[in-house]
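Protein chains in written order, with the working numbering: chain A, 2 to 114; chain B, 366 to 474.
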Amino acid sequence: DAEITQSPRHKITETGRQVTLACHQTWNHNNMFWYRQDLGHGLRLIHYSYGVHDTNKGEVSDGYSVSRSNTEDLPLTLESAASSQTSVYFCASSSHNDNYGYTFGSGTRLTVV
Amino acid sequence: KQEVTQIPAALSVPEGENLVLNCSFTDSAIYNLQWFRQDPGKGLTSLLLIQSSQREQTSGRLNASLDKSSGRSTLYIAASQPGDSATYLCAVSGNQFYFGTGTSLTVIP
Numbered sequence: 002d003a004e005i006t007q008s009p010r011h012k013i014t015e016t017g018r019q020v021t022l023a024c025h026q027t028w029n030h031n032n033m034f035w036y037r038q039d040l041g042h043g044l045r046l047i048h049y050s051y052g053v054h055d056t057n058k059g060e061v062s063d064g065y066s067v068s069r070s071n072t073e074d075l076p077l078t079l080e081s082a083a084s085s086q087t088s089v090y091f092c093a094s095s096s097h098n099d100n101y102g103y104t105f106g107s108g109t110r111l112t113v114v
Numbered sequence: 366k367q368e369v370t371q372i373p374a375a376l377s378v379p380e381g382e383n384l385v386l387n388c389s390f391t392d393s394a395i396y397n398l399q400w401f402r403q404d405p406g407k408g409l410t411s412l413l414l415i416q417s418s419q420r421e422q423t424s425g426r427l428n429a430s431l432d433k434s435s436g437r438s439t440l441y442i443a444a445s446q447p448g449d450s451a452t453y454l455c456a457v458s459g460n461q462f463y464f465g466t467g468t469s470l471t472v473i474p
């Protein structure tokens, strides 16, 4: 079965370190998205991609970067982790074949200490 | 910018009751609307997707309606069960998805 997987599920890192969160989907979806979820703010878009080598900034992109070298993967990098980036991160994908409905991964809980 | 609001933020009902969750949005120029369920500590599970040309979608005990002109959607849950306890999120899409902050539902046995 097709799926979208995120790794790691949990991570603790120190302030100032570079961290990369992985997202891998086997739906063959062109569109991939990264969100963070925080109490009181809901889900906020960080970065998104509509295809290989395409990346776009979302609402809260400062301090994050992504790259898309193939259809399946969209890794999210925190250049220099800050305590404000402690959050739960969700990856999602979509395709015109599914009327652009979202499929979500299970999330990564990141703690920056 | 699209604003999505879900009221109430929390709801408790006795088992067996029919209930309605509300979602409103400010910009009617949407491509589709999707309802999700989120269990504590888990990811989002898609429940129903309504395209902008549709008025409603049904899946089992769930029925979602869409009124673009008034900027509203409702999720109707029939004969609620304790297993329905979760947070329900709606999201609307134009060029990207915008999410509400959800309604936390508790179904009391």
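Every residue, glycine too, gets a C-beta built ideally from N, C-alpha and C.
Everything numeric in this text was worked out from a predicted model, so none of it was measured.
_Which residues in chain A have a C-beta closer than 8 Å to the C-beta of B:Gln367? List them in chain order._
Position 2 of the second sequence, counting from 1, holds the residue named residue 367 of chain B. Going along chain A, no residue has its Cβ under 8 Å from B:Gln367, so there is no contact; the nearest lies around 11 Å.
_Given A:Ser50 as reference, the closest of A:His30, A:Asp63 and A:Gly108 once Cα atoms are compared_ = Looking up residue 50 of chain A in the first sequence gives position 49. Minimum Cα distance to A:Ser50 is reached at A:His30.
*Through-space distance from A:Gly17 to B:Gly465, alpha-carbon basis*: Here the question's residue 465 of chain B lines up with position 100 in the second sequence. Here the question's residue 17 of chain A lines up with position 16 in the first sequence. A:Gly17 has its alpha-carbon roughly 32 Å from the corresponding atom of B:Gly465.
*For the region 442 to 466 of chain B, list the beta strand (DSSP E) runs that are entirely contained and at least 3 residues long, ordered along the chain.*
Taken in chain order, the unbroken stretches of beta strand (DSSP E) that lie wholly in the region 442 to 466 of chain B and span 3 residues or more are 451 to 458 and 462 to 464.
*B:Val457: buried (16+ other C-beta within 10 angstroms of its C-beta) or exposed?*
Translated into positions along the second sequence, residue 457 of chain B becomes position 92. Buried, because 16 or more other Cβ atoms sit within 10 Å of the Cβ of B:Val457.
*Taking A:Asn98 as the reference, which of B:Gln416, B:Ala394 and B:Val472 has the closest Cα?*
Taking the first residue of the first sequence as 1, we reach residue 98 of chain A at position 97. It is B:Gln416.
*Could you check how far apart the C-beta atoms of B:Tyr453 and B:Leu431 are, in whole angstroms? I think they sit under 8 Å.*
In the second sequence, residue 453 of chain B corresponds to position 88, counting from 1. In the second sequence, residue 431 of chain B corresponds to position 66, counting from 1. Contact flag wrong, Cβ pair sits at about 15 Å.
*Compile a chain-ordered list of the residues in the region 88 to 103 of chain A whose CB is closer than 7 Å to at least one CB of chain B.*
Phe91, Asn100, Tyr101, Gly102 and Tyr103
*asked:* Looking at the secondary structure, which residues open and close the beta strand (DSSP E) in which B:Asn387 lies?
replied: On the second sequence, position 22 is the one that residue 387 of chain B refers to. From DSSP, the beta strand (DSSP E) with B:Asn387 extends over Leu384 to Phe390.
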